[in-house]
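Let me begin by presenting the structure, written as structure tokens, before commenting on it.
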């Protein structure tokens with residue numbers, strides 16, 4: 055795949071010879087590392103946009119230093135080391151890249167500019183789908199009647215992996231289900247299987263193993279829907295009542311912005327880029343704050359979910375505040391302009 059991506063990029067560039075161009079590439083898997091290594095043209099800006107490097111995810115997911123992973127680490131480093139400029143969605147991930155990938159002595163590392171992502175405010179908005187249709191969609195995905203008008207729906211959106219705090223989420227289930235038999239826990243995202251295969255280096259957890267961590271009497275309240283096409287997410291989110299985000303240290307998760315744009319309440323660990331995303335101008339976390347401790351995370355999540363169940367008005371107000379914050383703070387026109395201005399300035403410096 056990398057060879058094909060680099061060959062295609064080279065083909066495109068050959069057709070645009072002499073024009074001023076900015077190439078933006080994420081660092082994940084070092085997609086453009088071959089072209090970036092040899093490309094030297096004053097009219098072409100090589101720009102890297104930080105996602106979450108493997109060197110960072112290896113720490114939280116406790117991944118092995120295998121030959122394949124070493125090769126990906128090299129490709130990602132080459133991509134970052136050979137660009138003209140680097141931007142990161144959050145200050146948190148900038149610090150992680152400096153610490154675990156480039157090193158503090160690297161000149162490029164200290165020039166990384168923090169620019170957030172623009173959000174998809176057109177496709178994610180409350181009322182884009184009825185709750186009834188959303189319930190039907192979830193049940194169709196699961197091929198059973200899992201949720202109804204009377205259930206209290208707790209949706210975990212994101213890959214089912216340690217980095218996303220899956221075990222912390224699972225650790226809260228019994229405490230919630232004991233008090234709320236109408237609670238339904240649905241994990242939406244890539245998970246592992248019996249074959250042990252993964253789409254990327256980040257190991258996904260198996261539902262079969264996770265079910266063993268849940269007392270038998272509560273397992274029928276838990277479902278794993280697997281990967282959901284991104285275009286379907288607005289209609290999925292609509293039937294969720296609360297959305298826990300247990301990420302151990304993510305960058306700028308689009309899912310968090312999308313849940314907020316749908317004006318749904320979020321309970322979150324105060325870790326990683328979330329601290330920057332969901333804080334208002336006064337530095338206050340607008341979501342339900344679960345603190346930063348991993349040791350108390352499951353207990354605090356259970357407490358928060360039960361508290362919000364008892365207070366639908368609080369859920370509604372929190373959702374509206376989150377929607378207003380994200381819609382204004384990361385407006386597409388505002389953020390896109392900042393990115394274009396950054397690339398234009400960097401390109402001028404090459405000439």
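In this note's numbering, the protein residues as written are 55 to 405.
Each residue gets a CB set at the ideal place from its N, CA and C atoms; glycine is no exception.
Along the chain, where does the alpha helix (DSSP H) containing residue i start, and where does it finish?
{"i": "residue 348", "result": "Neither: residue 348 is in no alpha helix (DSSP H) and is coded neither H nor E."}
{"i": "residue 79", "result": "Per DSSP, residue 79 belongs to no alpha helix (DSSP H); it is in the beta strand (DSSP E), 75 to 80."}
{"i": "residue 396", "result": "386 to 404"}
{"i": "residue 240", "result": "It is not in any alpha helix (DSSP H) - residue 240 instead sits in the beta strand (DSSP E) that spans 237 to 242."}
{"i": "residue 117", "result": "No alpha helix (DSSP H) holds residue 117; DSSP gives it neither H nor E."}
{"i": "residue 321", "result": "From DSSP, residue 321 is part of no alpha helix (DSSP H) but of the beta strand (DSSP E) over 320 to 322."}
{"i": "residue 382", "result": "366 to 383"}
{"i": "residue 285", "result": "No alpha helix (DSSP H) contains residue 285, which DSSP labels as neither H nor E."}
{"i": "residue 258", "result": "Here residue 258 belongs to no alpha helix (DSSP H), and DSSP marks it neither H nor E."}
{"i": "residue 91", "result": "87 to 92"}
{"i": "residue 231", "result": "220 to 233"}
{"i": "residue 310", "result": "308 to 315"}
{"i": "residue 146", "result": "145 to 151"}
{"i": "residue 57", "result": "56 to 69"}
{"i": "residue 330", "result": "328 to 331"}
Less than 9 Å between the C-beta atoms of residue i and residue j, yes or no?
{"i": "residue 298", "j": "residue 316", "result": "no"}
{"i": "residue 325", "j": "residue 302", "result": "yes"}
{"i": "residue 280", "j": "residue 318", "result": "no"}
{"i": "residue 339", "j": "residue 322", "result": "yes"}
{"i": "residue 192", "j": "residue 224", "result": "no"}
{"i": "residue 242", "j": "residue 290", "result": "yes"}
{"i": "residue 369", "j": "residue 362", "result": "yes"}
{"i": "residue 99", "j": "residue 67", "result": "no"}
{"i": "residue 292", "j": "residue 187", "result": "yes"}
{"i": "residue 185", "j": "residue 111", "result": "no"}
{"i": "residue 386", "j": "residue 175", "result": "yes"}
{"i": "residue 207", "j": "residue 296", "result": "yes"}
If I follow the unbroken beta strand (DSSP E) through residue i, where does it start and stop?
{"i": "residue 100", "result": "98 to 104"}
{"i": "residue 207", "result": "206 to 211"}
{"i": "residue 142", "result": "139 to 142"}
{"i": "residue 277", "result": "276 to 280"}
{"i": "residue 297", "result": "297 to 299"}
Residues in its own chain within less than 6 Å of residue i by CB, not counting five upstream and five downstream?
{"i": "residue 163", "result": "152 and 156"}
{"i": "residue 87", "result": "129, 132 and 133"}
{"i": "residue 248", "result": "Note that residue 248 scores a pLDDT of 46, beneath 50, so its modelled location is shaky and nothing firm can be said."}
{"i": "residue 222", "result": "300, 351 and 352"}
{"i": "residue 372", "result": "319"}
{"i": "residue 182", "result": "288"}
{"i": "residue 261", "result": "245 and 278"}
{"i": "residue 342", "result": "321 and 358"}
{"i": "residue 393", "result": "169"}
{"i": "residue 311", "result": "173 and 380"}
{"i": "residue 78", "result": "101 and 103"}
Take residue i and list the residues in its own chain whose beta-carbon comes closer than 7 Å to its own, dropping the five residues that flank it on each side.
{"i": "residue 14", "result": "As displayed, the chain neither begins before 55 nor continues past 405, which places residue 14 out of reach and without an answer."}
{"i": "residue 230", "result": "237, 356, 359 and 360"}
{"i": "residue 309", "result": "211 and 212"}
{"i": "residue 263", "result": "none"}
{"i": "residue 334", "result": "340 and 379"}
{"i": "residue 127", "result": "108 and 109"}
{"i": "residue 251", "result": "Note that residue 251 scores a pLDDT of 47, beneath 50, so its modelled location is shaky and nothing firm can be said."}
{"i": "residue 384", "result": "170, 171, 172, 173 and 311"}
{"i": "residue 258", "result": "213, 214, 215, 244, 245, 246 and 252"}
{"i": "residue 89", "result": "60, 63 and 64"}
Is it the case that the CB of residue i approaches a heavy atom of the ligand SAM more closely than 8 Å?
{"i": "residue 104", "result": "Annotation note on the ligand SAM: not contained in the displayed structure, which lists no ligands."}
Once you ignore the five residues that flank residue i on each side, which residues in its own chain have a CB closer than 8 Å to its CB?
{"i": "residue 235", "result": "275"}
{"i": "residue 204", "result": "236"}
{"i": "residue 61", "result": "none"}
{"i": "residue 374", "result": "317"}
{"i": "residue 75", "result": "67, 97, 98 and 99"}
{"i": "residue 148", "result": "104, 142, 166 and 168"}
{"i": "residue 72", "result": "97"}
Problem - At least three beta-carbon pairs within less than 8 Å, the stretch 102 to 118 to the stretch 78 to 94 - result: Under the 8 Å Cβ criterion, the stretch 102 to 118 counts as touching the stretch 78 to 94, having at least three qualifying pairs.
Exercise for the section: Decide if the stretch 383 to 400 is in contact with the stretch 135 to 152; the criterion is three or more beta carbon pairs, one per stretch, under 8 Å apart. Expected result: Result yes; three or more Cβ-Cβ pairs closer than 8 Å.
Problem - the stretch 165 to 175 touching the stretch 261 to 275, judged by at least three CB pairs closer than 8 Å - result: No: fewer than three Cβ pairs fall under 8 Å.
Handout entry: Unbroken stretches of the alpha helix (DSSP H), 4 residues or longer, contained in the stretch 163 to 207
Key = Assignment of alpha helix (DSSP H) within the stretch 163 to 207, counting only whole runs of 4 or more residues, yields 185 to 196 in chain order.
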